[in-house]
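Enquirer: Going by this note's numbering, the first residue of the sequence shown is number 3, and it counts up by one from there. Okay, here's the structure, questions in a sec.
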Amino acid sequence: MKLRAISDLKNKIILGDNLSVLKQIENDTFDLIITSPPYFQQRNYGNGDLGIGNETTESEYLKNILTVFGECVRVLKKTGVIVFNLGDKYINGSLSLIPYKFAIQATQNQNIFLINQITWSKL
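Written as structure tokens, this is what we have:
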């Protein structure tokens, strides 16, 4: 299934691996992308050792979400916006700073820039 036009996507739910589906979408398709990738080693998403979030190292996790992010940038219009909601993780009592590491690498490897950060506080 090659998704050739926005009309192919309008009012549809597409079930599949995010990277595989993104690769089927043409460049410069979306004005806005909002996504929340699985957090690193924090949830069991029922897919065994497969999928983002189940990596054994933080560097593998970052590599995988940066690959997805690259595809998001490709399908985003030049004037578009991406909202990436990433959770952090405490390791030995200290935050691992995954969202910050991601932001630094993402802006170095793509022709994009960071506009703002939002910190969520659960009540």
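Glycine included, each C-beta is placed from N, C-alpha and C at the ideal position. Everything numeric in this text was worked out from a predicted model, so none of it was measured.
Mark Phe71 as exposed unless 16 or more other C-beta atoms lie within 10 angstroms of its C-beta, in which case mark it buried.
Expert: Answer is buried; the Cβ neighbour count reaches 16.
Enquirer: Quick check on the burial criterion: 16 or more other C-beta atoms within 10 angstroms. Buried or exposed for Thr59?
Expert: exposed
Enquirer: Taking the alpha helix (DSSP H) that Ile67 falls in, what are its first and last residues?
Expert: 60 to 77
Enquirer: Just verifying my parser: in three-state terms, what is the DSSP assignment at Asp33?
Expert: strand
Enquirer: Quick check: what's the CA-CA separation for Asn87 versus Ile67?
Expert: About 11 Å.
Enquirer: Below 8 Å on the Cβ atoms is my guess for Lys65 versus Asp30; work out the distance and round it to an integer in Å.
Expert: At roughly 25 Å, the Cβ-Cβ gap does not stay under 8 Å, so Lys65 and Asp30 are not in contact.
Enquirer: Applying the 10 Å Cβ sphere with the 16-neighbour rule, what's the burial state of Tyr47?
Expert: exposed
Enquirer: Quick one: does Leu64 have its CB under 9 Å from some CB of chain D?
Expert: The chain labelled as chain D is not found in the depicted structure, where only one protein chain is given.
Enquirer: Looking at the unbroken alpha helix (DSSP H) that takes in Ser22, where does it start and where does it end?
Expert: 20 to 24
Enquirer: Just mark Ile54 as buried or exposed, buried being the case when its beta carbon has 16 or more other beta carbons within 10 Å.
Expert: buried
Enquirer: For Tyr63, count neighbouring Cβ atoms within 10 angstroms of its own Cβ and tell me buried if that reaches 16, exposed if not.
Expert: buried
Enquirer: Rounded to the nearest angstrom, how far is the Cβ of Phe32 from that of Gly82, given a contact under 8 Å?
Expert: 6 Å
Enquirer: Between the C-alpha atoms of Lys91 and Ser123, what's the straight-line distance to the nearest angstrom?
Expert: Separation of Lys91 and Ser123 (C-alpha to C-alpha, rounded to the nearest whole angstrom) is 14 Å.
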